[in-house]
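*Asks:*
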Amino acid sequence: MMDQPNPVRVGHKGAKVSWRKSSYSGSNGDCVELAELGNSVALRDSKDRQGPVVSVGWRTMTTFVSALKGGHMGAGQA
């Protein structure tokens, strides 16, 4: 069973979070940024840095990235 995403507000209570963008991101601005948060990974839209943040566990993130790399997500298909 996969972990369910939990919306979280990252950076509250004075915590500093280091966000990064994929090196594959183009210049069109359609990017997702991620931040490592100990046992989880936070994700946000790079165009809306004050917007919603989703946090998932490392196992879920690893499974998701493996599925993308393996072509199992239908990315780019109409």
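Numbering (the UniProt record's numbering), first residue to last: 1 to 78.
Even for Gly, the Cβ is constructed at its ideal location relative to N, Cα and C.
These figures come from a predicted structure and were not determined experimentally.
1) List the endpoints of the continuous beta strand (DSSP E) containing Arg-25.
2) Quick one: what's got a C-beta closer than 7 Å to Lys-13's C-beta in the same chain, skipping five residues either side?
3) Apply the 10 Å Cβ neighbour rule to Leu-68 and answer buried if 16 or more other Cβ atoms are within range, or exposed otherwise.
4) Can you tell me whether DSSP reads Arg-49 as helix, strand or coil?
5) In whole angstroms, what separates the C-alpha of Asp-45 from that of Trp-19?
6) I need the DSSP call for Lys-16, collapsed to helix, strand or coil.
7) Near Gly-29, what residues of its chain come up, given a Cβ to Cβ distance below 8 Å and the 5 sequence neighbours on each side ignored?
8) Let me know if Ala-78 comes out buried or exposed under the rule of 16 or more other beta-carbons within 10 Å of its beta-carbon.
*Replies:* The short version:
1) Translated into positions along the sequence shown, residue 25 becomes position 25. The sequence given here places Ser at residue 25; Arg does not occur at that position. It is not in any beta strand (DSSP E) - Ser-25 carries neither H nor E in the DSSP assignment.
2) Reading the sequence shown from its first residue, position 13 is the one you call residue 13. Its pLDDT being 48, under 50, Lys-13 is placed unreliably in this model, and the value from its coordinates should be taken loosely. Excluding sequence neighbours, Lys-13 sits near nothing in its chain.
3) The residue labelled residue 68 in the question sits at position 68 within the sequence shown. The Cβ neighbour count for Leu-68, taken over all protein chains shown within 10 Å, is under 16; the residue is labelled exposed.
4) Mapped onto the sequence shown, residue 49 falls at position 49. The answer is coil: DSSP assigns Arg-49 none of H, G, I, E or B.
5) Translated into positions along the sequence shown, residue 45 becomes position 45. Translated into positions along the sequence shown, residue 19 becomes position 19. About 11 Å.
6) Locating residue 16 in the sequence shown gives position 16, where the first residue counts as 1. Reduced to three states, the DSSP call for Lys-16 is coil.
7) Taking the sequence shown and counting its residues from 1, the one referred to as residue 29 is at position 29. Only Ser-46 and Lys-47 meet the Cβ criterion.
8) Stepping through the sequence shown from its first residue, residue 78 is reached at position 78. For Ala-78, the predicted structure reports a pLDDT of 48, less than 50, and the residue's modelled location is therefore unreliable. The matter cannot be settled from this model.
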